[in-house]
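Structure record follows, encoded as structure tokens.
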Amino acid sequence: MSEQQNWRYAFFLGCVIPNRYPMIERSIRDVFEELGAELLDMPGASCCPAPGVFRGFHIPTWLVIAARNIAIAEELGVNLLTGCNGCYGTLRDAWWDLEHDKEEKKHINKLLAKIGKEYKGNFEPKHVIQALYLDMGKEYIRGFIKHKFKDLKVAVHYGCHIVKPSDKRPWDGEYENPTFLDEIVELTGATSIEYKEKFMCCGAGGAVRTAVKEVAADFTREKLVNMREAGADIILSICPFCHLQLDLGQLEVNNFYKDIIGEQFHIPVIYITQLLGVAMGMDPSRLGLIKNHDLKGVSPFISIQPFLDMVKEQLI
Amino acid sequence: MSDNIEKYIKRKVYKGTSSRIAQKFVDAGLEKLRACINCGTCTGSCPSGRRTAYRTRSALRRALTGDESILSDIDIWLCSTCYYCYERCPRDIPVTDMIIKLRNIAVEEGYILDSHFGLASTVFYETGHGVPANGENNKKWRDLRESYGLPPLPPTVHSYPEAVKECQTLMKEVGFRALLDNAQKLKEKRKLAEEKKENEKEGK
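These protein sequences, in sequence, are chains A and B. Residue 31 is where the first sequence starts when you use our numbering, and the numbers rise one by one after that. Residue 7 is where the second sequence starts when you use our numbering, and the numbers rise one by one after that.
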């Protein structure tokens, strides 16, 4: 699909994007606008709810709240779009499960009727990277690239729920070695580097971060060591929870595991639409890349200045 | 038959089994695990098991045999739901989903970590968000939003109080509130029993 189309999505924010990493929200909104897509707000949307933690507590609660969120997008008459792998996991799995279980769908609608809502299931929950790669396509996006990086080594982190469970995902069953994210990253001239255990989990999901922070950070330590060994200039994420774990998690790794990691970690973590946006020639302030406050203890926890310096040297 | 073999046959392999809990495992669909050939692909694929004592195969085996100690084992909360076990199982057992069901039973029996309970009961139930930006403690996050040209609160449940009520209505309907209240009661009861035991020990 390379010619301009009338792309409209219901923008599902979730929790971590709007409430901890608003720079990601800024960049998704502005990059999609620049690409000619319209994002509609979803009034009153809630937590997706998170697929490992809240589903782990009570599956019926998880399913009915997810169905309510999808129903809000349906009222807008467009497909739902999320920038978070966790929300994607929940909304896509709930959508899939309800499409394959008519009895459950009936039961869910009985519950939703109590708040005046209905779940129809005729719109597909999509991820930002899915909209970029499958709806718009590489050729279409290539037409918007104004500057290319000459030397930027990117360690991409896919995360888990973007590709798994693969029977409920749009990637033709590919989960061991997908390439869609690397392909989009390389449109910017950057190199997506190979590194050990590239597809491994960041450690945050599934209630692990809340249960035992040290265990989550140990996953992250392994990933960071492998990324550094491969010479990564930046880490690239497509999920705010992975993003948090790889950003704030560097401080935790530097603290918990200081005796075994050698040099402390300080690799900038960048979200896909932030990277794409600078290559599209967009003002970094529209991409949430410029700090404009004196607040303490807020994201990003690892300075992104080295990345901004490379943007300045190579793109401007 | 030698004494050793006799001992082996008669040994009690699984301790603390309960038919009531075993029935719950069956009702939750965990009997699908009977197709398991114990190949260990799930455990071998598990990034959590590489750094913790969590062993996917063993956890599910314990559930299948009605070993209720699995419910209080923190191991079942160390699965990051990466889904490698689900994808690679040669018997097509939806392994990760089984772990999720196992967690549901644990919560029903009052086995939920304090941090998880707080997240469910005071954060998610009260605000509709898992990670909220409202309240005095979160002012810096609202200020951060504004610094990027966004409204201080997003157009989610945070901007629509009636939407929080809608979520709570649904959560009550499906029994989430009752589940949490019951879990808290069971936790407190267990804690008191433990304290009593401790006191008795010290009394001696």
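All C-beta atoms, glycine included, are put in the ideal place defined by N, C-alpha and C.
For residue i, the three-state DSSP class (helix, strand or coil)
| i | result |
| --- | --- |
| A/His-187 | strand |
| A/Ile-138 | helix |
| A/His-296 | coil |
| B/Thr-102 | helix |
| B/Ser-51 | coil |
| B/His-135 | coil |
| B/Ala-227 | Nothing about residue 227 of chain B can be reported from this structure: the residues present for chain B run from 7 to 210 only. |
| A/Ser-76 | coil |
| B/Thr-87 | coil |
| A/Ser-329 | coil |
| B/Thr-175 | helix |
| A/Thr-303 | helix |
| A/Asn-207 | coil |
| A/Pro-81 | coil |
| A/Ala-234 | coil |
| B/Phe-31 | helix |
| B/Gly-46 | coil |
| A/Gly-193 | It is worth fixing the name first, because residue 193 of chain A is Val in this sequence and not Gly. Looking at A/Val-193 - three-state DSSP - the assignment turns out to be coil, as it is neither helix nor strand. |
Bridge partner(s) assigned by DSSP for residue i
| i | result |
| --- | --- |
| A/Glu-68 | A/Arg-38 |
| A/Asn-109 | A/Tyr-39 |
| A/Ile-264 | A/Val-184 |
| A/Lys-176 | BP columns for A/Lys-176 are empty, so no partner. |
| A/Lys-156 | A/Leu-111 |
| A/Thr-221 | A/Lys-183 |
Separation of residue j from residue i, as counted between CA atoms
| i | j | result |
| --- | --- | --- |
| A/Leu-106 | A/Val-184 | 37 Å |
| A/Gly-74 | A/Met-53 | 21 Å |
| B/Asp-86 | A/Cys-117 | The sequence given here has Ser at residue 86 of chain B, not Asp. Each residue's Cα considered, the two are about 15 Å apart. |
| B/Asn-188 | B/Gly-116 | 7 Å |
| B/Arg-200 | B/Leu-186 | The sequence as given places Glu at residue 200 of chain B; Arg does not occur at that position. Near 21 Å, if we compare the C-alpha coordinates of B/Leu-186 and B/Glu-200. |
| A/Tyr-51 | B/Thr-162 | 15 Å |
| B/Val-101 | A/Lys-321 | 44 Å |
| B/Ser-121 | A/Arg-98 | 26 Å |
| A/Leu-43 | B/Ala-139 | 13 Å |
| A/Tyr-204 | B/Lys-203 | In the sequence on display, residue 204 of chain A carries Glu and not Tyr. Their backbone Cα atoms lie some 54 Å apart in a straight line. |
| A/Asp-3 | B/Asn-110 | Past the boundaries of the shown model lies residue 3 of chain A; chain A is included only from 31 to 346, so the question cannot be answered. |
| A/Leu-254 | B/Ser-127 | 34 Å |
| B/Lys-178 | B/Tyr-92 | 31 Å |
| A/Phe-271 | A/Tyr-163 | 21 Å |
| A/Phe-210 | B/Ser-24 | 48 Å |
| A/Asp-277 | A/Phe-331 | 6 Å |
| B/Ala-69 | B/Asp-149 | 47 Å |
Residue i, enclosing beta strand (DSSP E) - first and last residue
| i | result |
| --- | --- |
| A/Leu-164 | First-last for A/Leu-164: undefined, no H or E at that position. |
Cβ distance (whole Å) where residue i is taken to contact residue j below 8 Å
| i | j | result |
| --- | --- | --- |
| A/Lys-135 | A/Tyr-149 | 7 Å |
| B/Ala-184 | B/Lys-107 | With 8 Å as the limit, B/Ala-184 and B/Lys-107 do not qualify as a contact, their Cβ atoms being about 19 Å apart. |
| A/Asn-115 | A/Ile-268 | 7 Å |
Start and end residues, alpha helix (DSSP H) containing residue i
| i | result |
| --- | --- |
| A/Leu-182 | Counting along the chain, A/Leu-182 falls outside any alpha helix (DSSP H), and DSSP gives it neither H nor E. |
| B/Ile-80 | No alpha helix (DSSP H) holds B/Ile-80; DSSP gives it neither H nor E. |
| B/Lys-203 | 182–209 |
| B/Trp-147 | 145–153 |
| A/Phe-87 | 84–87 |
| A/Asp-202 | No alpha helix (DSSP H) holds A/Asp-202; DSSP gives it neither H nor E. |
| A/Leu-281 | 270–286 |
| A/Pro-347 | In this structure chain A extends from 31 to 346, so residue 347 of chain A is not present and cannot be described. |
| B/His-164 | Unbroken run through B/His-164: none, as it is neither H nor E. |
| A/Asn-49 | 46–50 |
| A/Leu-254 | 243–259 |
| B/Asp-120 | 120–124 |
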